[in-house]
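Q:
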Amino acid sequence: MKTRGPLVTLFVVAALAVVLFGINMSRTTASAPAPEPASSTTTTTTTTTTTTPPPPVQEMYVGAVDDGSAIAVAVKDTKAVAYVCDGAQVESWLEGTVQDSTLTLHAKDGSELTGTIAGQQLSGMVLRRPFNASNVDPPAGLFRANVGVLDRIGWVVRPDGTATGLRLKDGAVQAAPPFNPSSVTVDGKPVPVQQVSP
1 MKTRGPLVTL
11 FVVAALAVVL
21 FGINMSRTTA
31 SAPAPEPASS
41 TTTTTTTTTT
51 TTPPPPVQEM
61 YVGAVDDGSA
71 IAVAVKDTKA
81 VAYVCDGAQV
91 ESWLEGTVQD
101 STLTLHAKDG
111 SELTGTIAGQ
121 QLSGMVLRRP
131 FNASNVDPPA
141 GLFRANVGVL
151 DRIGWVVRPD
161 GTATGLRLKD
171 GAVQAAPPFN
181 PSSVTVDGKP
191 VPVQQVSP
């Protein structure tokens with residue numbers, strides 16, 4: 001009988017293992033949630049495309065003040081620069097803003113330009129006088145040459161290539177050298193010419 005003891009123990013342990021395994025399986029099956037029915041929902045995927053903003057638009061207007069002075073105005077987005085010159089004694093650089101086609105510019109001496117863009121035309125008041133200017137293409141426009149810290153030249157260049165300009169050196173107005181779109185010779189030295197942009 002001594003040999004049956006270990007066999008009985010083995011049989012009891014095996015039976016107990018089968019019973020425990022069966023209980024464990026029934027609990028796992030009972031506690032597992034039932035699969036949800038397949039739904040008929042539609043998933044929408046949104047694709048975002050990144051675009052590069054357009055380059056800033058620059059417009060150039062050239063015209064005349066009612067006293068015969070030349071005027072050029074460069075407009076880029078919400079900023080503007082203007083130059084008024086009679087070619088003899090009067091010149092003024094003005095800077096400011098553009099909002100809803102309305103320009104408001106000021107010079108360091110307090111002079112003012114107000115104007116409105118309508119189609120291809122810009123009209124308004126500058127230095128207390130009315131002016132009219134038209135949209136132009138290069139090579140017409142507003143140009144400048146910086147000779148030194150207190151020495152600069154400005155030109156208004158018309159569509160026909162004629163130019164009106166003055167040189168302001170140390171606060172004194174002088175005649176501008178003849179306009180050349182790449183460079184001018186000032187006091188025996190070549191000085192680069194730049195188209196003005198706000």
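Using UniProt numbering, count along the sequence shown one by one with no gaps and you end on 198. Glycine is no exception: its CB is placed at the ideal position from the N, C-alpha and C atoms.
By how many angstroms is the C-alpha of Ala145 removed from the C-alpha of Pro192?
A: Their backbone Cα atoms lie some 6 Å apart in a straight line.
Q: Sort Cys85, Thr185, Ala74 by Cα distance to Val98 and report the nearest one.
A: It is Ala74.
Q: Compute the beta-carbon to beta-carbon distance between Gly161 and Gly87, rounded to the nearest angstrom, for a pair I have assumed lies under 8 Å.
A: Contact doesn't hold; Cβ gap of about 15 Å is too wide.
Q: Out of curiosity, what's the CA-to-CA distance linking Gly171 and Glu59?
A: Their backbone Cα atoms lie some 30 Å apart in a straight line.
Q: For Gln195 and Ala107, what's the separation of their Cα atoms in angstroms?
A: The straight-line gap from Cα to Cα measures roughly 19 Å.
Q: In whole angstroms, what separates the C-alpha of Thr52 from that of Asp77?
A: Confidence at Thr52 is low in this model, with a pLDDT of 47, below 50, so its placement is unreliable and the value that follows should be read with caution. Taking the straight line joining both Cα atoms gives about 16 Å.
Q: Is the beta carbon of Leu127 sitting closer than 9 Å to the one on Val186?
A: Going by C-beta atoms, Leu127 is not nearer than 9 Å to Val186.
Q: In whole angstroms, give me the CA-to-CA distance for Lys110 and Phe179.
A: The residue you asked about is not Lys; residue 110 is Gly in the sequence shown. Using only the alpha carbons, I get a separation of about 28 Å.
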